[in-house]
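In the order they appear, the protein sequences are chains A and B.
The opening position of the first sequence corresponds to residue 1 in the working numbering, with each subsequent residue numbered one higher.
The opening position of the second sequence corresponds to residue 1001 in the working numbering, with each subsequent residue numbered one higher.
Where is the CB? At the ideal position from N, CA and C, for every residue including glycine.
Protein chains: 2
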Amino acid sequence: MALSADLLRGYTDTIILNQLAETDSYGYEINKRITELSGGRLELKEATLYSAFRRLENSGYIIAYWGDENTGARRRYYSITVTGRDKLAESLSQWRETQDTLNALLSQTRKAPVLRDSRGGEIPVIQVEE
Amino acid sequence: MALSADLLRGYTDTIILNQLAETDSYGYEINKRITELSGGRLELKEATLYSAFRRLENSGYIIAYWGDENTGARRRYYSITVTGRDKLAESLSQWRETQDTLNALLSQTRKAPVLRDSRGGEIPVIQVEE
DNA sequence: GCGAAATACCTTGACAGGCGAAGTAACAAG
DNA sequence: CTTGTTACTTCGCCTGTCAAGGTATTTCGC
């Protein structure tokens, strides 16, 4: 079951920055690496990917340069900037906070729903051992 | 620092369902409870909240009924349906998976960027104790 | 040698969720 | 009687994702 990047909305940029923090790379490779690292659970669509690059570049978080390979298709490499690293650090800490917050909101102990018969009497629920 | 709900996009529904899984409630109260549980880090905007209710109702995950209080403003209560509970369970497991995936993508050990002087020589980085 | 697949990039337009802004209405407190 | 709180509603904008389409080169099987 693949995750929709829609559930990760807003994190594509962070994911990309995190990849670039390790080493310069180009779109196609970054995408493959993301798929790989996520165990195939996340596959960014190209449109998503390249629009993220444009966004990151416009924000000054990455800079682009053409690779000089004399064989194969031309590659557009990206490099993370200092501001980009700052942004990444900020996003990572924000992700930790988001996790905490969402876990707090989603992990409350919950009573089982009470079943009632037609006269409003409670129907006992048999507890199943896990 | 309040979280942007944009980072939680797609989870508002789950958060609401999770609240309703505990007990029937109405918009204003649910919102206050969310703010409270999140330690003030998440405050859903009313437009967000009520459009979520409409969405959830149209999907059959919740049903609405008017409260019969004879004082104060009228309240529209919501109750989670059986399908809603199923959906909630699914969303919760999806959230766990999302967390795992994102953590896998964001938590790789990273080399510090190498600083170089004008002749390309490496500038040693002084390690700061934390 | 040729067609398919893989590599590699790019663009356009639609869609959906979050939100700013505004409105309605009842009641409480001062 | 004005301000604040409770409570709900609607309209239209913004932004990130994606479906669908395109270009160009190289590699591999047959």
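Within 10 Å of its beta-carbon, does residue i have 16 or more other beta-carbons around it, so buried, or fewer, so exposed?
i	result
B:Ala1052	buried
B:Asn1031	buried
B:Tyr1028	exposed
A:Ser25	buried
B:Thr1023	exposed
B:Glu1129	Low confidence applies here, because B:Glu1129 scores a pLDDT of 42, under 50, leaving its location unreliable; read the following figure in that light. B:Glu1129 should be labelled exposed.
Per DSSP, residue i is paired with what?
i	result
A:Tyr50	Paired residues: none, contrary to the question.
A:Ser25	A:Tyr78
B:Ile1062	B:Ile1080
A:Leu3	A:Leu42
Relative to the C-alpha of residue i, which residue among the options is closest?
i	options	result
B:Arg1041	B:Gln1094, B:Leu1007, B:Arg1096, B:Ser1093	B:Leu1007
A:Glu69	A:Ser107, A:Tyr77, A:Ser59	A:Tyr77
A:Arg85	A:Asp100, A:Leu102, A:Asp13	A:Asp13
B:Ala1104	A:Gly10, A:Gln19, A:Ser4, A:Arg9	A:Gln19
A:Trp66	A:Ser79, A:Asn58, A:Arg9	A:Ser79
A:Lys45	A:Ser107, A:Asp100, A:Arg9	A:Arg9
A:Tyr50	A:Gly39, A:Glu36, A:Arg75	A:Arg75
B:Leu1056	B:Ser1107, B:Ile1016, B:Asp1100	B:Ile1016
A:Lys60	A:Thr83, A:Glu90, A:Ala73, A:Gly39	The sequence given here has Gly at residue 60 of chain A, not Lys. Per the Cα distances, A:Thr83.
If I'm right that residue i touches residue j with Cβ under 8 Å, what's the distance once you round it to whole angstroms?
i	j	result
A:Thr81	A:Ile62	6 Å
B:Leu1102	A:Tyr11	6 Å
B:Glu1097	A:Leu3	7 Å
A:Gln94	B:Gln1099	About 14 Å; that fails the 8 Å criterion.
A:Leu88	A:Ala21	6 Å
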